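Residue numbers (the UniProt record's numbering): 1 to 451. Every residue gets a Cβ at the ideal spot worked out from N, C-alpha and C, and that includes glycine. As the structure is a computational prediction, the values presented were derived from the model and not from experiment.
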């Protein structure tokens with residue numbers, strides 16, 4: 001399916017005080033039967049009506065017929081932090097499940113379940129306490145995926161590794177399942193993982209640690225029939241989420257730490273380091289696409305020792321980030337290609353934050369990127385703008401079309417919401433962002449029929 005060429009139609013504001021992180025999913029989902037779009041976010045004191053809404057966990061319910069949006073509060077004043085955005089799941093009984101946590105400041109996973117067919121009305125909040133397993137270090141993120149009839153909620157928890165809760169009643173109740181990976185902790189936390197799933201398989205890409213503390217590689221693996229596999233099907237763990245978990249370094253490497261691109265590459269001779277996961281999607285034929293970010297730099301350089309803080313000392317005064325598009329076709333190997341320059345860090349104290357990129361879940365040849373540099377000619381821009389990229393050769397080359405232009409504020413963290421193959425439902429938030437806890441941003445939607 002081909003994505004339509006962008007037309008000069010303005011996006012619709014669906015929440016005037018909203019932002020989200022990128023390690024929870026799904027953050028936005030289309031329900032074509034009901035004609036609704038659901039988008040989760042967190043409000044900040046710096047935004048409209050901020051004193052009252054600060055830290056609200058909110059859900060924009062958008063009528064796709066009229067464009068009208070109703071903002072529902074799932075939890076008032078939980079914590080002002082975009083990491084707390086809810087993950088959404090449509091249950092078999094027509095109810096919606098929303099799951100959310102704080103950002104490592106308590107050990108509770110919280111969830112609410114809607115009335116049948118109406119995501120504007122929600123039942124009481126319920127809680128799972130991780131502290132017997134975490135020892136009180138806190139839990140972060142929620143990612144909902146079903147595998148072989150069981151619903152999993154992946155989170156960063158025990159030892160700041162990837163762990164999971166499991167539900168056999170579609171999210172009514174949850175139990176601790178176990179750790180997916182384990183590593184000796186270096187710096188802030190361990191790996192950052194993005195997931196995509198079918199009913200019988202969960203694919204993931206993950207890092208070693210936080211990129212400010214470690215020169216990460218990116219790894220791929222998948223869960224299927226009770227086992228964890230590398231890309232080629234090699235079994236890594238036969239007792240997933242039980243007992244001792246393996247290190248993610250045993251998975252298949254998608255992009256190795258400190259990769260130096262060949263002279264034939266668009267960034268030939270440069271060292272790519274401190275990688276981070278951005279997005280992953282899977283086509284019906286099993287093809288996988290992932291977007292990764294790295295720091296770029298001249299020459300091979302020396303790898304980090306792994307000691308906390310040394311990453312900052314090795315950084316150039318202004319980090320020069322790059323996006324890569326990685327593709328895997330069943331029976332083949334991962335190929336990672338340069339996608340676009342991502343510019344300097346989005347925030348002074350978070351040098352590895354970027355505007356991010358979203359892959360169209362129904363068209364892996366199509367991406368939407370938030371960039372401070374025009375990918376058509378590498379001209380610096382006053383603000384991050386959204387660009388639509390299309391490839392016809394599995395990511396080797398790209399053509400670009402602007403979605404936003406001449407903006408007065410930054411356009412950040414795009415999402416292409418899954419659920420309706422007949423249209424492209426593009427979301428992002430725009431405004432000013434001082435930190436993950438302080439921002440004045442509004443969420444917008446641009447919805448177009450798919451040609």
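Subject >> Buried or exposed (CB count within 10 angstroms, at least 16 for buried), residue 408 >> reply: That one is exposed.
**OP:** Spell out a yes or no on whether the segment 356–371 and the segment 421–429 are touching, meaning 3 or more CB-CB pairs, one atom from each, closer than 8 Å.
**Re:** The answer is yes - the segment 421–429 touches the segment 356–371, with three or more Cβ pairs under 8 Å.
**OP:** Could you spell out the range, first to last residue, of the beta strand (DSSP E) harbouring residue 40?
**Re:** Under the DSSP assignment, residue 40 falls in the beta strand (DSSP E) whose first and last residues are 36–42.
**OP:** Compare the C-alpha of residue 26 against each of 152, 234, 123 and 79 and name the closest.
**Re:** Considering only alpha carbons, the answer is 152.
Original post:
On the three-state DSSP scale, how would you describe residue 51?
Top reply: Three-state result, residue 51: helix.
**OP:** Could you spell out the range, first to last residue, of the alpha helix (DSSP H) harbouring residue 131?
**Re:** Run containing residue 131: 131–134, per the alpha helix (DSSP H) assignment.
Original post:
How about residue 499 and residue 221: are their beta carbons less than 8 Å apart?
Top reply: The question about residue 499 has no answer here: the residues shown for the chain are numbered 1 through 451.
**OP:** Measure the C-alpha to C-alpha separation of residue 177 and residue 10 and round it to an integer number of angstroms.
**Re:** Between residue 177 and residue 10, the C-alpha separation is close to 45 Å.
Original post:
With a CB to CB cut of under 6 Å and the five nearest residues on each side skipped, what residues in its chain are close to residue 434?
Top reply: Exclusion of the five residues before and after residue 434 leaves no residue of its chain whose Cβ lies closer than 6 Å to its Cβ.
Original post:
Quick one: Cα of residue 77 to Cα of residue 377, how far?
Top reply: For residue 77 and residue 377, the distance between alpha carbons rounds to 44 Å.
**OP:** Label residue 353 either buried or exposed according to how many other C-beta atoms from any shown protein chain fall within 10 Å of its C-beta, with 16 as the threshold for buried.
**Re:** Classification of residue 353: buried, given that the 10 Å Cβ count is 16 or more.
Original post:
Are residue 327 and residue 283 touching if we call contact CB-CB under 8 Å?
Top reply: Judged by their CB atoms, residue 327 and residue 283 are not nearer to each other than the 8 Å cut-off.
Original post:
Are the segment 230–249 and the segment 263–276 in contact at 8 Å, needing three or more beta carbon pairs?
Top reply: Of all C-beta pairs linking the segment 230–249 to the segment 263–276, fewer than three are shorter than 8 Å, placing the two stretches out of contact.
**OP:** Tell me residue 162's beta-bridge partners as DSSP assigns them.
**Re:** Paired residue(s): 156.
Original post:
Exposed or buried, what is residue 143 when buried is set at 16 or more other beta-carbons lying within 10 Å of its beta-carbon?
Top reply: Counting Cβ neighbours within 10 Å, residue 143 comes out buried, since at least 16 surround it.
Original post:
Can residue 37 and residue 445 be called in contact, C-beta distance under 8 Å?
Top reply: Yes, they are a contact pair.
**OP:** For residue 148, name the three-state secondary structure that DSSP assigns.
**Re:** Here residue 148 sits in coil by DSSP.
Original post:
Considering only residues of the segment 218–248, which uninterrupted beta strand (DSSP E) runs meet the minimum length of 3 residues and lie entirely inside it, listed in chain order?
Top reply: Taking only runs of at least 3 residues, the beta strand (DSSP E) segments lying wholly in the segment 218–248 are 218–224, 227–230 and 235–237.
**OP:** Closer than 7 Å by C-beta to residue 308: which residues in its own chain qualify, once you throw out the five before and the five after it? Chain order, please.
**Re:** Only weak support is given to the placement of residue 308: the predicted model assigns it a pLDDT of 41, under 50, and the question is left unresolved by the model.
**OP:** Look up residue 310 in the DSSP assignment and say whether it is helix, strand or coil.
**Re:** Per-residue confidence for residue 310 stands at a pLDDT of 46, beneath the threshold of 50, marking its modelled position as unreliable; the derived number appears in the next sentence. Helix.
Subject >> Range covered by the beta strand (DSSP E) that runs through residue 348 >> reply: In the DSSP annotation of this structure, residue 348 is not part of any beta strand (DSSP E), being labelled neither H nor E.
Subject >> Euclidean distance between Cα positions of residue 52 and residue 287 >> reply: Taking C-alpha positions only, residue 52 is separated from residue 287 by approximately 45 Å.
Original post:
With a cut-off of 8 Å, do at least 3 Cβ pairs link the segment 130–147 to the segment 84–96?
Top reply: Three or more Cβ pairs closer than 8 Å define a contact, and the segment 130–147 meets that threshold against the segment 84–96.
**OP:** My understanding is that residue 218 touches residue 277, with C-beta atoms under 8 Å, so please give their C-beta distance in whole angstroms.
**Re:** Between residue 218 and residue 277 a beta carbon distance of about 6 Å is seen, short of the 8 Å cut, so the two are scored as contacting.
**OP:** Measure the Cβ-Cβ separation of residue 190 and residue 183 and say whether it is below 8 Å.
**Re:** Result yes, Cβ atoms of residue 190 and residue 183 sit closer than 8 Å.
**OP:** Write down every uninterrupted run of the beta strand (DSSP E) in the segment 44–128 whose length is 3 residues or greater and which is fully enclosed by it, in chain order.
**Re:** With a minimum length of 3 residues, the continuous beta strand (DSSP E) runs that stay inside the segment 44–128 are 57–63, 69–75, 87–90, 96–101, 108–115 and 118–122.
Original post:
Considering only the beta carbon of each residue, do residue 121 and residue 111 sit closer than 8 Å?
Top reply: No, the pair does not count as a contact, with Cβ atoms beyond the cut-off.
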